[in-house]
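Chemist: The C-terminal position of the sequence shown is numbered 486 in this note's numbering, with every residue numbered one higher than the one before it. Just so it is clear, CB atoms sit at the ideal spot from N, CA and C, and this is done for glycine as well. Just so we're clear, the structure is a prediction, and the values are computed from it rather than from any experiment.
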Amino acid sequence: MSTKKSFFVLFFIDLILIGVYTLYIVIPEELYLGYYPIGIIQIILMVGTIISLVIYIKNWKIKSNKGKLKKLLLIIGYVISIIWMVYSLFIWYAFLPR
């Protein structure tokens, strides 16, 4: 996967995550979806992000080292996004109803 495609994949995944959070904040209480859908969506997005990062790193090793700074910044963006998803999953799990 090229750097440009990988950037758009990361942007799209983060946009979906922000959209889900926005949906849960904006939706009226009568239409509340519950606790579990937000966690399931976060898990799916996190797995997709990790798979995309692995594919990107695998292709980076094969291709040349041109644009090394852009590639490194993109990997840092992936790592920050994954850390945020893990943190939000921890918060989601901690506040699940028992």
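In three-state DSSP terms, what is Phe-478?
Modeler: Counted from its first residue, the sequence shown places residue 478 at position 90. Looking at Phe-478 - three-state DSSP - the assignment turns out to be helix.
Chemist: Round the Cβ separation of Met-389 and Gln-430 to the nearest angstrom and send it over; I've been treating them as touching at under 8 Å.
Modeler: As a position in the sequence shown, residue 389 is number 1, starting the count at 1. As a position in the sequence shown, residue 430 is number 42, starting the count at 1. In this structure Met-389 does not touch Gln-430 by the C-beta definition: roughly 23 Å separates them, more than the 8 Å allowed.
Chemist: Check this for me: beta carbons of Leu-462 and Phe-400, under 8 Å apart or not?
Modeler: Indexing the sequence shown from 1 puts residue 462 at position 74. Indexing the sequence shown from 1 puts residue 400 at position 12. No, Cβ-Cβ distance for Leu-462 and Phe-400 is not below 8 Å.
Chemist: Pull up the distance between the alpha-carbon of Phe-478 and that of Leu-484, whole angstroms please.
Modeler: The residue given as residue 478 occupies position 90 in the sequence shown. The residue given as residue 484 occupies position 96 in the sequence shown. Spanning the two alpha carbons is a distance of roughly 10 Å.
Chemist: Are the CB atoms of Tyr-466 and Leu-398 within a distance shorter than 8 Å?
Modeler: Residue numbering aside, residue 398 sits at position 10 when the sequence shown is read from its first letter. Residue numbering aside, residue 466 sits at position 78 when the sequence shown is read from its first letter. Yes, these two residues count as a Cβ contact at 8 Å.
Chemist: Please work out which residues of its chain come closer than 7 Å, Cβ to Cβ, to Trp-448, disregarding the five sequence neighbours upstream and downstream, and give them in chain order.
Modeler: As a first step, residue 448 is located in the sequence shown; it is residue number 60 there, counting from the start. Result list for Trp-448: Lys-459, in chain order.
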